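Written below as C-alpha cells is the structure these notes are about.
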Amino acid sequence: MDNSETGKRRVPLAALREGESGTVVSILPSHGRGRGCGFVRRVMEMGLTPGARVTVVSSAPFHGPVEVLVRGSRLALGRGIAERIIVEVDEHNG
Amino acid sequence: MARTIKVALAGNANVGKSVIFNYLTGLHQHIGNWPGKTVEKAEGTLHFRGYTIDIIDLPGIYSLSTYSIEEQITRDYIVQEKPDVVINVIDASVLERNLYFTLQLLELDRPVVIALNQIDQAARKGIQIDSKKLEEILGVPVIPTIATKGAGIFRLVEKAVEIVERGSAKKKDYIKLGREIEDRVEKLAKMIEEANSQYPPRYAAIKLLEGDEAIEREINRVSPELVKVAKRFAKEIEEETTKPCADLIISQRYEMACKIAREVERFTPPPRPKLIDRIDELTTHRVWGYPVMIFTLLSMFYVIFTAGGYLSELLSSFFYNAEPLILGLFGAGTVGELVWSAFEGAVAGLTIVIPYILPLYIILYLLEDSGYISRVAFLMDSIMHKIGLHGKAFIPLLLGYGCNVPACIGCRILETHRERIMAVFVVTLVPCAARTVIILSLVGKYLGMQWALALYLLNLLVILGLGRLAFKALPGEPTALIMEMHDYRAPHLKTVLKQTWFRILEFIKFAFPLIILGSVAIKSIEVFGLLEPISVMLSPITVGWLGLPIVTGITLIFGLLRKELTVILLSALFGTSNFLEVPGFGPVGMVVFTVVAMFYFPCISTFATLVKEIGLKRTLLISISEVLFAILLGGVVYRILETILV
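Chains as they are written, first to last, in the numbering used here: chain H, 7 to 100; chain U, 102 to 747.
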C-alpha cells in the first residue's frame, strides 16, 4: 500500500481487520452510473468525513458488509462502500 | 375558541420519535401516505391547556439534503407548511451524529425544541449530557426525556406551547462555518433575503453553495442571477481549499457537532459489561449469526402463519354461516348471488388478510424496534445484492412465501422509495402459500416432487432475472448499504400495538373496497353467463399459445380472486379429480398451467395492497407486465416440454 508523507499505511476501510481502527482520509467517488458525488455525500453525511476516527467492529462473510464505529454510532457499510473509503491505519494496530 | 398549534416531530431514524408521537396522540391519529409517495405519513392531535395541537411525525432522516424522498418531504414540509414548533428528537447515546441533523434544522428558521431522548440508554453506555449547557450553545430549549417511560414528555409539550405563546424571540445567532465559507454564506443570504424566496436565507445560501439541485431550481425562478453568484462563490471556495464545497460544508458541520458534543458530554466507564453486548456479538457473528437468524425468522414465520391460520379458520367458519342468511334475505337469484359475492369479498379480506397482517405487523415492529432487522440485513446483504436489493429486503421476501400481502406491507422497512418499489415487485413473484397449493396438488401430486422442486427453482431463477432487470431499468442510485445499527433495546410494547392497530384500520379502509369490488366483478361474470364467451375469447392464448384445455381460462379468471381455488375449480370443470384422465391436459399441461398460475397476477388482495403501497399506476404496470410474462413463459415452457417429451 502507498505511504503518505506521515509514513502511515493507507488502505481501504474494507481491508481493516475486526478491532482495527484508523482515520478517514478520503472517499473515492462511485464510478457507477448516477450521481457519483451523491454517493460521497451520503457517506459523509453519516459521519464518515475525512478526519473522522473509525473502528471496524465486525464484518459479514461472503463479501458482505462491514460494521464500523464512527462518531459514537455504529453503521453497517456495504463492502463496495467500504472499499472506496480510504483510511490511515493506526500504528498500534500492529 | 381553542387555538390550533402545528407541531412537527423531526429527527434521525430510531431515536424514539414514534414512541413520543404515540404517547402524545394516543388514539387520535391517522396513518396515510404522503401524496404520491411510498412514505408513510402519521398525523395526530392532542388537546393541551385549551389548545388543539396537530402533530405530524416526519420521516426519520439523517440530513436535510435531497438525497432521499424522505429528506425532501421533511424539508418541504417544514419550509412550506411552517409548523409553529419543530420538536427535534435526538438520541442522547449518539449525540454527535444527531447534532449534525439539528444544526441543519436550526438553519430552517422554525422555532425548535429539542427532546434529548433515551438518556437512560446513554447512561447505560456511560454517557452523561449537560442539557443546560447544550441549551446555551444551541440557543434552543433542550428537554431531557425517556420516551418509553413518558419521562419529560409533559415538559416537552409545555415548552412547545410556551414558545408559541411567547412568539418568536430575538433572532438567534447561527453556529458559524469556517471563514472562507461563512463570509460568502452571509453575502448570499443577504441577497436571498432581498430576493424574497420562500426558503430561509441562510439555509438556501448554504444549499446553493452545496449545489443542491432542488433549491437551485427554486431560487432560479426568483433570481437566476443569484444562482450564478452562488456557483462563482462555490468555485472560489473550491480553488482556495482544493476541496469540493459541499464536502467541506459537511465536514465543517460535523466538526461543529463534534465540538458541541465534546463540550456537553461526560463519560464514565459503563457500569458493567452487558448481556446485550453478548447478544449483539452473537447475532452478527459470521458463523453463529446465521443459525440464530434462521431460527428467529422461522419462528416468526411459524407464529405469523399458525396464529394467522387459526384466526382465519375461526373467522371464516363464523362468516360462512351467513351465506344461507344472505341468500335467504335477497333470494337465491342474481341479486342474492351478487350481494353474497360482495359479502364474500369482505369475508375473504377479513379471513385471509387480517389474520395474517395482524401478527405480521406486531412481529415486524418488534423486530424493527429491538434492532434485530438491521442485524439480519447485515448478514444477508451480500446475497440480496445479487438481485439488486439490500439485506433488509430479505424479510419481506421470506414473508412472501407465506402470503404476498403482508410481504408487500413489510417492504416498508426499506429506506428508500426506489428500494421499496423494487422489493414489492420481487415479492409479488414469490410463490405464496396459495400458489404452493397449486404447485403441490397438481405437479407435486401427479408428476412427483422433483418436478415441484424444479418449478420452485425456476421461480427462483425468474426472481433473480427479473429482479436484476428491474434493478437496471429503475433509475436512481445503485443500492448500497449504509445503515445504522442501533443498540439492542426492549421494544416499547404499547407503541408497537398502537402502530399495528392504526395501520390495520388504514388497510381495511383502503383495501377492502377494492377487494369487494373485484369479488363482485368476477361474480357478475359468472352470474351473467359471460364465463363461456370469455373463455372462448381467451382461447387463442389458453389453447393456441399455451396448449391448455379451453376451460382453464375460467379458472385463471377465478384465480385472480384466490389462487388456491383454481385447482378445486379445475376439478369441478373437468368433472374429475384425476387430472391424468383429462384429454388434452396431461403432464405438460399441468406444468404449463402451474407456471402461468405462479406468475400471472398478484391476487386481488395483493393488488389492493399494492395500490395502497405504491399507487395505482405502478401496480397496473407490475400486474400487466407479470401477466404478459406469465403467458410468454408458459408458452415457451409448453414448447420446450413438447419437444423434449415427444
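All C-beta atoms, glycine included, are put in the ideal place defined by N, C-alpha and C. Everything numeric in this text was worked out from a predicted model, so none of it was measured.
| said: Looking at the secondary structure, which residues open and close the alpha helix (DSSP H) in which U/I745 lies? | reply: Run containing U/I745: L717 to L746, per the alpha helix (DSSP H) assignment.
| message | Three or more C-beta pairs under 8 Å: does that hold for the segment 242-258 of chain U against the segment 207-225 of chain U? | response | As far as the Cβ criterion goes, the segment 242-258 of chain U touches the segment 207-225 of chain U, which means the pair count is three or higher.
| said: Short of 6 Å in beta carbon distance, which residues of its chain neighbour U/E607, apart from the five on each side in sequence? Order them along the chain. | reply: Excluding its 5 nearest sequence neighbours in each direction, U/E607 has C-beta neighbours in its own chain below 6 Å: I132, listed in chain order.
| request: Note down the Cα distance separating U/A315 from U/D378, rounded to an integer number of angstroms. | output: Between the alpha carbons of U/A315 and U/D378 lies a gap of roughly 42 Å.
| query | Would H/G53 pass as a contact of H/R77 if the rule is Cβ separation under 8 Å? | reply | Their beta carbons are under 8 Å apart, which means H/G53 touches H/R77 by this criterion.
| In chain order, what residues of the same chain lie with their CB nearer than 6 Å to the CB of U/V187, ignoring the 5 residues before and after it? | Close CB contacts of U/V187 within its chain, under the 6 Å cut and outside five residues either way in sequence, are with A109, A111, R211 and V213 (chain order).
| request: Please work out which residues of its chain come closer than 6 Å, Cβ to Cβ, to U/E294, disregarding the five sequence neighbours upstream and downstream, and give them in chain order. | output: Excluding sequence positions up to five before and after U/E294, its CB lies within less than 6 Å of the CB of P302, all in the same chain and listed in chain order.
| query | Which two residues bound the contiguous beta strand (DSSP E) that contains U/G112? | reply | R104 to G112 is the extent of the beta strand (DSSP E) around U/G112.
| Taking the C-alpha atoms as reference points, what is the distance between U/M691 and U/G545? | Cα-Cα distance, rounded: 10 Å.
| task | Spell out whether any CB of chain U is found under 8 Å from the CB atom of H/R59. | result | For H/R59, not one C-beta of chain U is nearer than 8 Å to its own C-beta.
| field | Ordered list of beta strand (DSSP E) runs contained in the segment 565-612 of chain U, each at least 3 residues | value | You should have 583-585.
| said: Short of 8 Å Cβ to Cβ, which residues in the segment 150-178 of chain U face chain H? | reply: Sequence-ordered contacts of the segment 150-178 of chain U with chain H read Y163, S164, S166 and Y168 [C-beta pairs closer than 8 Å].
| query | Which residues, in order along the segment 511-534 of chain U, keep a beta-carbon less than 7 Å from a beta-carbon of chain H? | reply | Residues passing the 7 Å Cβ filter: none.
| So U/I75 packs on U/I361, CB below 8 Å; how close in whole Å? | Because chain U spans 102 through 747 in this model, residue 75 of chain U falls outside it and cannot be assessed.
| said: At a CB distance below 8 Å, what residues from the segment 192-210 of chain U approach chain H? Give them in sequence order. | reply: Under the 8 Å Cβ criterion, the segment 192-210 of chain U contributes S194, V195, L196, E197, R198 and Y201.
| Among U/W135, U/K375 and U/L415, which residue has its Cα nearest to the Cα of U/I157? | When each option's Cα is compared against that of U/I157, the closest is U/W135.
| query | U/T153: which of U/I522, U/R104, U/V140 and U/L465 sits nearest, CA to CA? | reply | Out of U/I522, U/R104, U/V140 and U/L465, U/R104 has the C-alpha closest to the C-alpha of U/T153.
| request: Let me know if U/S164 comes out buried or exposed under the rule of 16 or more other beta-carbons within 10 Å of its beta-carbon. | output: It is buried - the Cβ of U/S164 has at least 16 other Cβ atoms within 10 Å.
| message | Counting only C-beta atoms, is H/G44 closer than 8 Å to chain U at any point? | response | It does: the Cβ of H/G44 has a partner Cβ on chain U nearer than 8 Å.
| request: Can you say whether U/I395 is buried or exposed, counting buried as having 16 or more other CB atoms within 10 angstroms of its CB? | output: Result: exposed.
| query | Closer than 8 Å, CB to CB, is H/E51 near chain U or not? | reply | Taking 8 Å as the CB threshold, H/E51 lines the interface with chain U.
| message | Strictly by DSSP, which residues pair up with U/A261? | response | Beta-bridge pairing links U/A261 to no other residue.
| message | Less than 6 Å between C-beta atoms, sequence neighbours within five positions excluded: which residues of the same chain meet that for U/P748? | response | Absent from the model: residue 748 of chain U. The displayed extent of chain U is 102 to 747, so no value can be given.
| query | To the nearest whole angstrom, what separates the beta carbons of U/Y466 and U/Q551, a pair I think is in contact under 8 Å? | reply | No, U/Y466 and U/Q551 are not in contact; Cβ-Cβ is about 40 Å, not under 8 Å.
| What does a CB cutoff of less than 6 Å around U/V258 pick up in its chain, not counting 5 residues either side in sequence? | Within the same chain, U/V258 has close Cβ partners F149.
| said: Does chain H have any CB closer than 8 Å to the CB of U/R303? | reply: Among the residues facing chain H, U/R303 is not included, as its CB has no counterpart in that chain under 8 Å away.
| request: Taking U/L217 as part of the beta strand (DSSP E), name the residues at either end of that continuous run. | output: Residues V213 to N218.
| request: Output the boundary residues of the alpha helix (DSSP H) element that contains U/K344. | output: Per DSSP, U/K344 belongs to no alpha helix (DSSP H) and is neither H nor E.
| request: Give a yes or no on whether 8 Å exceeds the smallest Cβ distance from U/R322 to chain H. | output: Taking Cβ atoms only, chain H never reaches closer than 8 Å to U/R322, which makes this a no.
| said: Spatial neighbours of H/R39 within its chain, please: C-beta separation below 7 Å, excluding the five flanking residues on both sides. | reply: Since pLDDT at H/R39 reaches only 46, below the 50 mark, its modelled position is unreliable, and the value read off the structure follows with that caveat. Hits under 7 Å: none found.
| query | Taking all protein chains shown into account, do 16 or more other C-beta atoms lie within 10 angstroms of the C-beta of U/Y411, making it buried, or fewer, making it exposed? | reply | Taking all protein chains shown into account, U/Y411 has fewer than 16 neighbouring C-beta atoms within 10 Å of its C-beta and is therefore exposed.
| request: Along the beta strand (DSSP E) that carries U/I658, what are the first and last residues, could you check? | output: Not the beta strand (DSSP E): U/I658 falls in the alpha helix (DSSP H), residues T653 to G660.
| Does the beta carbon of H/I91 sit closer than 8 Å to a beta carbon anywhere in chain U? | At a cut-off of 8 Å, the C-beta of H/I91 has no neighbouring C-beta in chain U.
| Limits of the unbroken alpha helix (DSSP H) element including U/N321 | Run containing U/N321: E314 to V323, per the alpha helix (DSSP H) assignment.
| Where the beta strand (DSSP E) containing U/I72 begins and where it ends | The structure shown does not extend to residue 72 of chain U, since chain U spans only 102 to 747, so no value can be given for it.
| message | According to DSSP, is U/I276 part of a helix, a strand, or is it coil? | response | In the structure shown, U/I276 falls within a coil segment according to DSSP collapsed to helix, strand and coil.
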